[in-house]
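S.K.: This is the structure, below, for whatever I ask next.
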Amino acid sequence: MQKMAQFVNDQQIGDKLKQAAANVHMPVALDPAAKVAKQLDIIETTLEQYADQFPVDAPIGQWKNTLKNLRLMNTMNKNAPGSERKARLKKLQSQTEALSNEIIQSLDPDDAQIES
Numbered sequence: 151m152q153k154m155a156q157f158v159n160d161q162q163i164g165d166k167l168k169q170a171a172a173n174v175h176m177p178v179a180l181d182p183a184a185k186v187a188k189q190l191d192i193i194e195t196t197l198e199q200y201a202d203q204f205p206v207d208a209p210i211g212q213w214k215n216t217l218k219n220l221r222l223m224n225t226m227n228k229n230a231p232g233s234e235r236k237a238r239l240k241k242l243q244s245q246t247e248a249l250s251n252e253i254i255q256s257l258d259p260d261d262a263q264i265e266s
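In the numbering used here, each residue's number is its place in the sequence shown (first place is 1) plus 150.
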């Protein structure tokens, strides 16, 4: 999240987005599923607040659908057996990061991908 905040500061995407990214603090003790949920909240907020800054051809509807599916997967994963849950969670984290990168790339096409 710190790299995301630094990227947003460097790219000057918007004052509100910079402030939101800077204010996101994830406690170390936060479990991975809760971290994914928080990242999904940030993605949703970004889509809502900056909808007018995306390119005209940006697949906002597709992103919202993906976001909805990722939330559902995160909820369903809580009931999965231990080893299966861990594998699904890794996949979910990867998909969440990919969605975040795609959205930020759309806001700034010259950007390199963000690493967590």
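Just so you know, even glycine gets a beta-carbon here, dropped at the ideal spot from N, CA and C.
This one's a predicted model, so the numbers in the text were calculated from it and none came from an experiment.
1. With a 10 Å radius around its C-beta and 16 neighbouring C-beta atoms as the bar for buried, classify Thr-225 as buried or exposed.
2. Do you know offhand how far Ala-184's Cα is from Asp-207's?
3. Would Ser-233 be called buried (16 or more neighbouring beta carbons within 10 Å of its own) or exposed?
4. Distance check for Gln-203 and Pro-182, CA to CA, integer angstroms please.
5. Residues in its own chain within less than 8 Å of Gln-263 by CB, not counting five upstream and five downstream?
M.R.: Reading it off the structure:
1. Burial check for Thr-225: the Cβ neighbour count within 10 Å stays below 16, so the residue is exposed.
2. Cα to Cα, the separation comes out at about 32 Å.
3. Per the 10 Å Cβ criterion, exposed.
4. Pro-182 and Gln-203 have their alpha carbons spaced roughly 31 Å apart.
5. Below a pLDDT of 50, predicted positions are generally treated as unreliable, and Gln-263, at 46, falls in that range; the measurement from the model is reported next regardless. The beta carbon of Gln-263 sits closer than 8 Å to the beta carbons of Asn-251, Gln-255 from its chain, once the five residues preceding and following it are set aside; these are given in chain order.
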